[in-house]
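If you want the working numbering, it's the position in the sequence shown, counting the first as 1, plus 8.
First comes the structure, then the notes that go with it.
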Amino acid sequence: MERLTENRIVLVIRETRLDDLIARFNTRRQAKFYVEHLGADFSVYEAEHDRYRAAVSECRTVLSRLGRLETLDRSFLTNFIFGPHDTIVVLGQDGIVANTLKYLDKHKVIGVNPDPDAYDGVLLPFSVSQLESVVPSVFEGQRDIRQVTMAKAVLDNGQTLYAVNDLFIGVKSHGSARYILKTGSSQEHQSSSGIIVSTGLGSTGWLKSLIIGAVSIAREVTQVDQHEPTIGAFPWDADHLYFTVREPFPSKVSSTSLVFGKVTPESPLQIISQTAESGVIFSDGIEKDFLDFNSGACATITIAEKKAGWSFDAH
9 MERLTENRIV LVIRETRLDD LIARFNTRRQ AKFYVEHLGA DFSVYEAEHD RYRAAVSECR
69 TVLSRLGRLE TLDRSFLTNF IFGPHDTIVV LGQDGIVANT LKYLDKHKVI GVNPDPDAYD
129 GVLLPFSVSQ LESVVPSVFE GQRDIRQVTM AKAVLDNGQT LYAVNDLFIG VKSHGSARYI
189 LKTGSSQEHQ SSSGIIVSTG LGSTGWLKSL IIGAVSIARE VTQVDQHEPT IGAFPWDADH
249 LYFTVREPFP SKVSSTSLVF GKVTPESPLQ IISQTAESGV IFSDGIEKDF LDFNSGACAT
309 ITIAEKKAGW SFDAH
């Protein structure tokens, strides 16, 4: 088959929920028995799987005509080496776009929504049917880009972890992390279920849910009648981050005054672990890609030197 160009296109895909069930129970029949035994409708999983696989097949057909296609499952993102001139096509949901962006550097990324009726697609402005016209215009540099400010965690031993949505600093399992938090000229010993540091891109996700939860609890406790708060979503390319401490616990040795604040290049966030074991830092919800963060380790959280995103507007 003759290709339009010799440009390399990397199509990033994911496993479906049905794929995960089959991997867990060995066969589709056993997976169906398990789901229906719990009273759920197995056909929902099958329909979702079929729609996604059809989208993958259509993407492959179109992209193979436009360049040298390589398909990559997102489970291999951490070990994949992207070429500097690769064009990346990510076939939704939104989370897989964020998972992919953190491993890129100034690459051109096209987010594709495989099921517009099911997914909001904040990071997925394109449909599969648009690829035929969108990809050539990306090759020719005719599409505007959106830059995304990333977060970066650097340990005192030099290990580094980037985040497109957010960083989590805490413990692997349900439990309390102990640490010293430093921001600006202030510091305090804390015990909490972890710290979330959010970028502008991630501010409508985990950060939003934490703020809604905190305000709702405060409203109930104080019995104050107030409207739903305006959640602090901020621009994707903002020159700052926000941190929030989850469930801070006051005690004789831990305080709760520094639970929310801004992280800037001039005022990074420093965290010194006092957690004996199971302390971790992970980003964008990928728990398998983490840094150990146990007693004595110091992490500096600030804005990353590189930008993510390079995502293209559909209009």
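C-beta: ideal position from N, C-alpha, C; glycine also.
In its chain, beyond the 5 residues on either side, Gly100, Gln101, Asp102 and Asn121 have a beta carbon closer than 8 Å to the beta carbon of Tyr127. Assigned with DSSP and collapsed to three states, Tyr127 falls in coil, not helix or strand.
Beta-carbon to beta-carbon, Ile21 and Asp81 are separated by about 6 Å, close enough to satisfy the 8 Å threshold. Going by C-alpha positions, Ser303 is about 52 Å away from Thr69. Your pair Met158 and Thr191 does not check out as a contact, with CB atoms roughly 19 Å apart and the cut at 8 Å. Per DSSP, Leu80 lies in no alpha helix (DSSP H); the unbroken beta strand (DSSP E) holding it starts and ends at Arg76 to Asp81. Contact annotation: Val143 and Leu77 have beta-carbon atoms that are not nearer than 8 Å. In this structure, the alpha-carbon of Ser211 lies about 23 Å from that of His182. Under the DSSP assignment, Ala305 falls outside any beta strand (DSSP E); it carries neither an H nor an E label. Looking from the CA of Arg61, the closest CA among Phe88, Thr24 and Gly75 belongs to Thr24. Judged by their CB atoms, Pro256 and Ser217 are not nearer to each other than the 8 Å cut-off. Sixteen is the threshold: since fewer than 16 other Cβ atoms of the shown chains lie within 10 Å of the Cβ of Gln38, the residue is exposed. By the neighbour-count criterion, in which a residue is buried when 16 or more other Cβ atoms sit within 10 angstroms of its Cβ, Phe84 is exposed.
Residue burial annotation: Ala31 is exposed, with fewer than 16 other C-beta atoms found within 10 angstroms of its C-beta. DSSP lists no bridge partner for Thr86.
Its Cα nearest to that of Phe301, the residue Tyr187 stands out among Thr264, Gln198 and Tyr187. Separation of Asp123 and Asp58 (C-alpha to C-alpha, rounded to the nearest whole angstrom) is 11 Å.
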